[in-house]
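**Q** Residues in the sequence shown are numbered consecutively from 1, following the UniProt record's numbering. Structure incoming, see below.
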Amino acid sequence: MAPPRSDTVRPPATRLLRAGRPAARRLIRLAYDVRVHHAERFPATGPAVVAANHVGFVDGPLMAIFAPRPVHALTKVEMFTGPLGALLRAAGQIPLDRRHTDPGAVRTALRVLRDGGAVGVFPEGTRGEGNFEVFHSGAAYLALVSGAPVVPLTFLGTRETGGSSGSLPARGARIDVVVGHPVPVDAVGWPRTRDHVRLTSAALRAHLRSGLADALDETGRSLPGPLPQGDRDD
């Protein structure tokens, strides 16, 4: 199967995402002590695939708002309903159907990358322990097609131990957002083999797990552990 074309795809909105980030940061910091570490590691220009661990409900908004550059995050399609869905679209977030391969989401993500933007991915696919035990290959695929570096992002403190998938941190809680060292990925032209994607994904997983360990050590934080029994991020 040929790779999804992106040259004719309409790019996601950018105006609200770019203009609204400073005000959104101030608003969020009224409730939480958000600390961004090593922002200088984030590429100042050019395409980037931002790959983050996923432990809490606020990870996606924090990625879009507190990353050193605006990020168009792949976000589960179930969120795109009602006023919240309208806000997410206006903020340039990309709906993703997690039930199967979503060519539309892939095309939109590639369009962002080919325009020099940043795309956010949660390789674990759902909220959980945040330790990359599960690691899907979407970040590797986007990097291989576009040649964009993969920028690790670690979220710590966005869910408390024992908290449900939809819970919020306590007011005033400290949240650490740690930017890792970017991983250069050379573009591989069509046809790419499954081995290309598999091997690249395995290398990325190892790098992100190492970066996670460094972030835990640097901040003195710990992961929140698994979701409560029977809780699922649907």
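For glycine and all other residues, C-beta sits at the position ideal for the given N, C-alpha and C.
Which of the three DSSP states is assigned to residue 111 in this structure?
**A** In the structure shown, residue 111 sits in a helix (DSSP, three-state: H, G or I).
**Q** Alpha carbon to alpha carbon, how far is residue 208 from residue 39?
**A** Computed Cα separation, rounded: 17 Å.
**Q** Just list the residues that DSSP pairs residue 155 with in beta bridges.
**A** DSSP, once it has assigned bridges, lists 177 as partnering residue 155.
**Q** Does DSSP classify residue 30 as helix, strand or coil?
**A** Reduced to three states, the DSSP call for residue 30 is coil.
**Q** What would DSSP say about residue 69, mapped onto helix, strand or coil?
**A** Coil.
**Q** To the nearest angstrom, report how far apart residue 151 and residue 83 are at their CA atoms.
**A** Approximately 31 Å between the Cα atoms of the pair.
**Q** Looking only at its own chain, which residues have a Cβ that is under 7 Å from the Cβ of residue 144, when we skip the five neighbours before and after it?
**A** Within the same chain, residue 144 has close Cβ partners 185, 187, 188, 192, 196, 197 and 200.
**Q** Cβ atoms of residue 75 and residue 62: under 8 Å apart, would you say?
**A** No, they are not a contact pair.
**Q** Is the separation between the beta-carbon of residue 93 and that of residue 73 shorter than 8 Å?
**A** Yes, Cβ-Cβ distance for residue 93 and residue 73 is below 8 Å.
**Q** For residue 132, which residues in the same chain have their Cβ closer than 8 Å to its Cβ, ignoring the five residues on either side in sequence?
**A** Excluding positions up to five away in sequence, the list reads 53, 123, 124, 205, 208, 209 and 212.
**Q** Are residue 34 and residue 155 closer than 8 Å when you measure CB to CB?
**A** No, the Cβ-Cβ distance between residue 34 and residue 155 is not below 8 Å.
**Q** Are the beta-carbon atoms belonging to residue 121 and residue 50 less than 8 Å from one another?
**A** In contact: residue 121 and residue 50 (Cβ atoms closer than 8 Å).
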